[in-house]
Each structure stands twice: as structure tokens, then as C-alpha cells.
Amino acid sequence: MNLSRQLDQYLSGPLCELAKDVSGQAAKLQQRVYLVGGVVRDLLLGYPNFDLDLVVEGDAVKLAQQVAETSQAKLLAHHRFGTAKLRYENLTLDLATARKETYARPGALPAVTPGTLKDDLIRRDFSINAMAISLTADDYGELVDPYQGKSDLERRLIRILHPGSFTDDATRILRGVCYEQRFGFEFETQTARLLKRDIPMLDMISGDRIRHELEHIFEENRPELVIERLGDLGVLHRINPSLKGDGWIADKFDEARRLNKPSQLPSLYFCLLVYSFSGKAIEQFLARLNMPAKLSRAMRDTLRLKTKLQLLNEPSLKPSVVYYLLREYEHVAIQANTVATKSSTPHRHLQLFLAKLRYVRTSLDGEELKKLGFSAGPEMGKVLQVLHKAKLDGEVRTRADEKKLALSLSGRS
Ligand code: ATP
Ligand code: MG
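415 is the number that this note's numbering gives the last residue of the sequence shown; the numbers go up by one with no jumps.
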């Protein structure tokens with residue numbers, strides 16, 4: 003089947019020219035080059051996708067070097083992996099040498115040797131991701147589909163390529179559920195059976211790889227669908243027994259997206275995911291996922307702040323009191339609590355902090371206080387603190403108000 007017309011329509015003008023340039027250079031080196039993976043699937047589905055992944059039968063690094071020499075692209079090559087990235091002004095192109103993989107043991111990273119396109123396709127996760135389109139001039143646009151990916155797309159099925167697939171790499175369980183929910187597809191019968199059987203193989207997967215797949219899920223438009231389904235399948239429980247994918251999570255993820263200026267959404271989702279955790283469970287989860295320091299802090303802060311919310315349950319709290327209570331927490335932890343708490347008074351205070359209090363600054367700074375006769379050091383620090391507090395509480399508004407207050411503090415007014 004030839005898709006050259008669809009391909010030219012699908013790729014925007016510059017992308018199309020780029021693809022042709024790469025294939026022309028490949029021909030000079032007597033290499034064949036293919037578009038592979040998600041972009042082929044999305045082209046057939048009619049969904050946009052501009053992550054261009056290319057597989058080269060030959061040597062991807064050499065090809066990328068050649069392309070870089072005759073264009074403005076920046077080259078990033080990994081000789082050891084036979085991969086290269088070409089960075090253009092507003093797009094990147096990933097090139098990989100076609101490779102063959104063997105797994106020494108379940109969950110381990112595979113041993114890699116050069117191979118054919120077909121070798122490269124069979125190492126992939128699902129038939130719908132194991133298609134390629136040739137970019138080589140003599141068969142430009144030809145669909146390479148050795149595992150009936152197109153037919154599975156039409157039948158809306160997620161199918162692994164061999165029965166050992168989930169044992170080789172149990173992250174595919176998470177990936178599969180992600181595609182199932184994104185596209186509204188179903189698992190083919192045998193795939194569904196093996197997926198359930200192989201859930202315990204997740205124990206063999208490193209924390210970084212599990213976390214990476216959760217981050218991938220958190221890039222979805224509606225990650226709660228994936229999380230709920232992973233909960234029903236018992237996958238979440240396997241990762242950590244306290245993890246749940248219930249209706250509460252679904253509601254809160256949805257609210258998180260509607261929050262005014264949510265911080266990094268993936269971080270916020272992580273914080274909400276652990277909202278019901280005990281202190282012990284969170285430490286286990288952070289260790290299991292080898293969570294980076296900043297996100298660990300945000301997740302711990304989320305739970306710490308949750309235990310302090312009753313302090314915010316006083317309607318007449320002064321803004322400065324709210325500010326001093328909350329300033330030590332990561333913003334994403336405050337956002338998580340805003341979304342998670344049902345009590346209206348703490349909710350209002352949390353929102354006030356996020357929307358306003360955290361941005362309040364005095365109009366006068368140290369330099370200006372010096373001009374008013376204050377000396378640098380603890381005295382000035384104290385004055386700035388008083389001014390800031392007064393500004394938070396609306397007791398001073400203008401620069402003149404601040405000046406007056408500062409002078410009154412020194413007894414110079
Ligand atoms: P998405 O739209 O979610 O980015 P994608 O298909 O582009 O989907 P990537 O995670 O970007 O997915 O991976 C690119 C390709 O690499 C996939 O299409 C798949 O063929 C292959 N791949 C990724 N992860 C695995 C894995 N764990 N096992 C086998 N193949 C994989
Ligand atoms: Mg991708």
C-alpha cells in the first residue's frame with residue numbers, strides 16, 4: 003500500500019522537504035530510511051503528531067552527520083547507541099540505526115545489535131506502533147506493516163507482537179493501557195490475558211522507568227482514565243498498595259486542569275495521586291519511583307500541608323497570617339491542597355495565597371531605605387518585614403504610605 007499522497011498532506015511543507023532531503027542524502031550513502039512508530043499510527047488515524055522518528059537501515063549517525071553538513075541543523079549523536087538527533091529551529095528529527103534486541107532477563111535493558119527494519123519493528127510494543135513508511139525514493143510512501151498494525155487500527159485493537167512481550171518489558175502494560183484509553187481501543191483477547199498474568203513482572207522494572215511511564219500518562223489529555231483503568235486492573239496496587247484510581251482521583255485531576263495557572267500539571271497530578279497516603283506509604287512510593295528531589299519535596303509538602311489545613315479554617319485570618327503559614331511550601335503542594343480540600347474557608351485562603359499574596363512586594367527596597375537614613379543590617383531587615391506585613395494586610399497601599407510607616411518606625415517622622 004502506498005501512502006505518499008497522505009504523507010505529503012500530513013507533513014507540513016517544511017517537514018515534507020526535510021523528509022525528502024534526508025531520504026536523498028540516505029540514497030547517496032546507499033542507506034534506506036523509514037518513518038516509524040507513533041507518527042505512522044497517527045497519520046493512519048488522522049491525528050496530528052510531529053515527533054518524527056526515523057529508522058535507518060545502515061548507519062543513522064553517519065546519515066545525520068551528512069544531513070547536518072548541508073543544513074542549519076544542530077547534530078547530537080550517540081555513537082554507542084547508533085542514534086542521532088537533528089535540531090532545527092522549531093522541530094527535531096530523531097534518527098536511529100535499525101536494531102535487533104535480546105533480553106538477557108525480564109525487565110533488564112536489552113542487548114542491542116544492528117539489524118533490519120523488520121528486526122527493529124518486532125522489538126516494538128504493539129502492532130499499531132510497529133509500522134513504518136518508506137522515505138526512500140524508489141518506494142517513497144510504501145507502508146511496511148509486517149504485524150498487521152493497520153488491520154488492528156481498523157479493528158481498534160491493541161495487540162502485542164509475541165507472547166513474551168510483557169515479560170520482556172512490563173512497562174508495556176502501562177503503555178498499552180495508555181493507548182487503550184487515549185484511542186478508546188480494546189486489548190486483543192490474548193494480549194489482555196497476558197497483560198493480567200504479567201502484572202507481577204512490574205516488580206522487575208526500575209523506578210526510573212516506571213516513573214517515566216507515569217509521566218508519559220500524565221501528558222495525556224485525560225490521564226485519570228488511564229489511572230482508573232490501571233487501578234481496576236490491579237496495576238497500581240502492584241506499584242504501591244496505597245495507590246488508588248478511584249472516582250476521587252478522576253474528579254480532582256479534572257479540577258486540577260481547570261485551576262487558574264496550574265504549575266507543571268504532571269507534578270500536580272503526582273501530588274494528588276498520593277493525597278490519601280500515610281507518611282510511611284509516601285516514603286515507600288518515593289523510593290520505589292526514585293523520585294527526583296524537587297518533586298519528592300512537593301509530594302511530602304502536600305501531605306504536610308494537608309495536616310495543617312485546620313489552621314486555615316478561621317474565616318477572619320489576616321492575609322499576613324495566611325502568608326506566613328504557607329510560604330514555606332512548594333507551590334504545587336499548595337495547588338494540590340486547593341484542589342483536594344472540600345472545606346471552603348481553607349480553600350479560600352489557599353487561593354488567596356496563590357492568586358495574590360505570594361506576589362506581594364513592598365514598593366521600597368533596601369536602597370531607598372538607606373536614603374531615608376536606615377543602615378543596612380538587621381534593622382533594615384526588620385523594617386522591610388514590617389512594611390511587607392502591612393502591605394499584605396492592606397494597611398499600606400502606596401509608596402508614600404510605606405515611607406510614612408518606615409519613618410514612624412525609626413521615630414524620624
Ligand atoms: P506517543 O504518541 O504516546 O508519544 P509514541 O508511539 O510516539 O506514542 P513513544 O513513547 O514516543 O511513543 O515511543 C516511540 C516508539 O518507540 C513507539 O511507537 C514504539 O514503537 C517504541 N517503543 C517505545 N517504548 C517501547 C517499549 N517499552 N517497548 C517497545 N517499543 C517501545
Ligand atoms: Mg512519541
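All C-beta atoms, glycine included, are put in the ideal place defined by N, C-alpha and C.
| message | Between which residues of its own chain and H218 is the CB-CB distance below 7 Å, once the five residues before and five after are set aside? | response | Sequence index remark: in the sequence shown, residue 218 carries index 216 (1-based). Counting only Cβ-Cβ distances below 7 Å, and skipping sequence neighbours, we find C180.
| said: With a threshold of 7 Å on Cβ separation, who are the neighbours of A134 within its own chain once the five nearest residues in sequence on each side are excluded? | reply: The count along the sequence shown starts at 1 and reaches residue 134 at position 132. So the qualifying residues of the chain are Y36, L37, V38, V42, V57, L119, L123, V146.
| said: Less than 7 Å separating the Cβ of G117 from some heavy atom of the ligand ATP? | reply: Residue mapping note: residue 117 aligns to position 115 of the sequence shown, counting from 1. The answer is no for G117.
| task | Label F187 either buried or exposed according to how many other C-beta atoms from any shown protein chain fall within 10 Å of its C-beta, with 16 as the threshold for buried. | result | For the purposes of this step, residue 187 is identified with residue 185 of the sequence shown, where counting begins at 1. Looking at its Cβ environment, which holds 16 or more other Cβ atoms inside 10 Å, F187 is buried.
| said: Please tell me whether R174 and D121 are closer than 8 Å, where the distance is taken between their beta carbons. | reply: For the purposes of this step, residue 174 is taken as the residue at position 172 of the sequence shown. For the purposes of this step, residue 121 is taken as the residue at position 119 of the sequence shown. In this structure, D121 does not lie closer than 8 Å to R174 by Cβ.
| said: Taking the alpha carbon of A98 as the reference point, which residue from L54, T72, L275 has its own alpha carbon closest? | reply: Counting from one through the sequence shown, the residue named residue 98 turns up at place 96. The shortest Cα separation from A98 among L54, T72, L275 belongs to L54.
| request: Look at the Cβ atom of L9, then the Cβ atom of L45, and state whether they are nearer than 8 Å. | output: For this step, residue 9 is matched to residue 7 along the sequence shown. For this step, residue 45 is matched to residue 43 along the sequence shown. Yes, the pair counts as a contact, with Cβ atoms nearer than the cut-off.
| task | Determine, using beta carbons only, whether L20 and L78 come nearer to each other than 8 Å. | result | By one-based count along the sequence shown, residue 20 stands at place 18. By one-based count along the sequence shown, residue 78 stands at place 76. No; because the gap between Cβ atoms is not below 8 Å, this pair is not in contact.
| request: Could you tell me if F52 is buried or exposed, where buried requires 16 or more neighbouring beta carbons within 10 angstroms of its beta carbon? | output: Taking the first residue of the sequence shown as position 1, residue 52 is located at position 50. Flag for F52 reads exposed.
| query | What distance in whole Å lies between the Cβ atoms of V334 and A300, which are believed to be in contact at a cut-off of 8 Å? | reply | Looking up residue 300 in the sequence shown gives position 298. Looking up residue 334 in the sequence shown gives position 332. The C-beta separation of A300 from V334 comes to about 5 Å, placing the pair in contact by the 8 Å criterion.
| query | Which residues mark the beginning and the end of the alpha helix (DSSP H) in which S280 is found? | reply | Locating residue 280 in the sequence shown gives position 278, counting from the first residue. S280 -> no alpha helix (DSSP H), and no H or E assigned at all.
| task | Check the C-beta distance from L366 over to K405 and give it rounded, since I have them as a contact under 8 Å. | result | In the sequence shown, residue 366 corresponds to position 364, counting from 1. In the sequence shown, residue 405 corresponds to position 403, counting from 1. Indeed they touch by this definition, with Cβ atoms about 7 Å apart.
| field | H397, DSSP secondary structure in three states | value | The sequence position of residue 397 within the sequence shown is 395, counting from 1. Rather than His, the amino acid found at residue 397 in this sequence is Glu. Note: E397 maps to coil in three-state DSSP.
| beta-carbon H80 near the ligand ATP non-hydrogen atom, thresh 7 Å | Locating residue 80 in the sequence shown gives position 78, counting from the first residue. No, since every heavy atom of the ligand ATP falls outside the 7 Å radius drawn around the Cβ of H80.
| said: Any residue with its C-beta under 5 Å from a non-hydrogen atom of the ligand MG counts. Can you list them all in chain order? | reply: G40, D53
| said: Counting beta carbon pairs with one atom in the stretch 346-360 and one in the stretch 310-325, are three or more of them shorter than 8 Å? | reply: yes
| said: Quick check on the burial criterion: 16 or more other C-beta atoms within 10 angstroms. Buried or exposed for P225? | reply: Within the sequence shown, residue 225 is the residue found at index 223, counting from 1. Classification of P225: buried, given that the 10 Å Cβ count is 16 or more.
| Whole-angstrom distance between V362 and R199, CA atom to CA atom | Within the sequence shown, residue 199 is the residue found at index 197, counting from 1. Within the sequence shown, residue 362 is the residue found at index 360, counting from 1. Computed Cα separation, rounded: 55 Å.
| task | State the Cα-Cα distance for the pair G383 and M203, rounded to the nearest angstrom. | result | The residue labelled residue 383 in the question sits at position 381 within the sequence shown. The residue labelled residue 203 in the question sits at position 201 within the sequence shown. For G383 and M203, the distance between alpha carbons rounds to 57 Å.
| said: Our contact map puts L176 next to E215 with C-beta atoms below 8 Å; I'd like the distance itself, whole angstroms only. | reply: On the sequence shown, position 174 is the one that residue 176 refers to. On the sequence shown, position 213 is the one that residue 215 refers to. Contact flag correct, Cβ pair sits at about 4 Å.
| said: Rounded to the nearest angstrom, what separates L159 and A100 at their Cα positions? | reply: Translated into the one-based positions of the sequence shown, residue 159 becomes position 157. Translated into the one-based positions of the sequence shown, residue 100 becomes position 98. Each residue's Cα considered, the two are about 26 Å apart.
| message | For a test of the three-state rule: what should DSSP assign to P264, helix, strand or coil? | response | Along the sequence shown, read from residue 1 onward, the residue named residue 264 stands at position 262. Note: P264 maps to coil in three-state DSSP.
| query | Name the DSSP bridge partner or partners of N4? | reply | Within the sequence shown, residue 4 is the residue found at index 2, counting from 1. For N4, which the question treats as bridged, DSSP gives the partners E144.
| request: Could you tell me the boundaries of the alpha helix (DSSP H) in which D44 lies? | output: In the sequence shown, the residue the question calls residue 44 occupies position 42. Counting along the chain, the alpha helix (DSSP H) containing D44 begins and ends at 40-47.
| request: Determine the burial state of Y49: buried for a count of at least 16 other Cβ atoms within 10 Å of its Cβ, exposed for fewer. | output: As a position in the sequence shown, residue 49 is number 47, starting the count at 1. Around the C-beta of Y49, fewer than 16 other C-beta atoms lie within 10 Å, and the residue is accordingly described as exposed.
| request: Could you tell me whether the stretch 25-36 touches the stretch 56-75, using the rule of 3 or more Cβ pairs below 8 Å? | output: Yes, the stretch 25-36 is in contact with the stretch 56-75.
| task | Closer than 7 Å by C-beta to L291: which residues in its own chain qualify, once you throw out the five before and the five after it? Chain order, please. | result | In the sequence shown, residue 291 corresponds to position 289, counting from 1. Answer for L291: G209, I212, R213, listed in chain order.
| said: Quick check: what's the CA-CA separation for G236 versus I162? | reply: On the sequence shown, position 234 is the one that residue 236 refers to. On the sequence shown, position 160 is the one that residue 162 refers to. C-alpha separation (whole angstroms): 20 Å.
| field | Neighbourhood of G117 by C-beta, 8 Å cutoff - its chain only, sequence neighbours within 5 removed | value | Against the sequence shown, residue 117 aligns to sequence position 115. Correct list, in chain order: A100, R101, K102.
| query | Cβ of N4 versus every heavy atom of the ligand ATP: is any distance shorter than 7 Å? | reply | For the purposes of this step, residue 4 is taken as the residue at position 2 of the sequence shown. No; taking the cut-off as 7 Å, the Cβ of N4 has no heavy atom of the ligand ATP nearer than that.
| At which residues does the alpha helix (DSSP H) containing D96 begin and terminate? | Here residue 96 refers to the residue found at position 94 when the sequence shown is read from its first residue. No alpha helix (DSSP H) holds D96; the beta strand (DSSP E) holding it covers 94-99.
| Tell me which same chain residues have a C-beta within less than 8 Å of the C-beta of P264, skipping the five on either side of it? | If you number the sequence shown from 1, residue 264 lands on position 262. Result list for P264: A258, L270, Q337, in chain order.
| field | For L77, the three-state DSSP class (helix, strand or coil) | value | Taking the first residue of the sequence shown as position 1, residue 77 is located at position 75. It is a strand residue.
| query | Can you give the Cα-Cα distance for V228 and K254, rounded to whole angstroms? | reply | If you number the sequence shown from 1, residue 228 lands on position 226. If you number the sequence shown from 1, residue 254 lands on position 252. Taking the straight line from one Cα to the other gives about 14 Å.
| query | Which residues does DSSP pair with D55 in a beta bridge? | reply | Here residue 55 corresponds to residue number 53 of the sequence shown, with the count starting at 1. Note: D55 sits in a beta bridge opposite D96.
| message | Distance check for G233 and L245, CA to CA, integer angstroms please. | response | What you label residue 245 is simply residue 243 of the sequence shown in a count that begins at 1. What you label residue 233 is simply residue 231 of the sequence shown in a count that begins at 1. C-alpha separation (whole angstroms): 8 Å.
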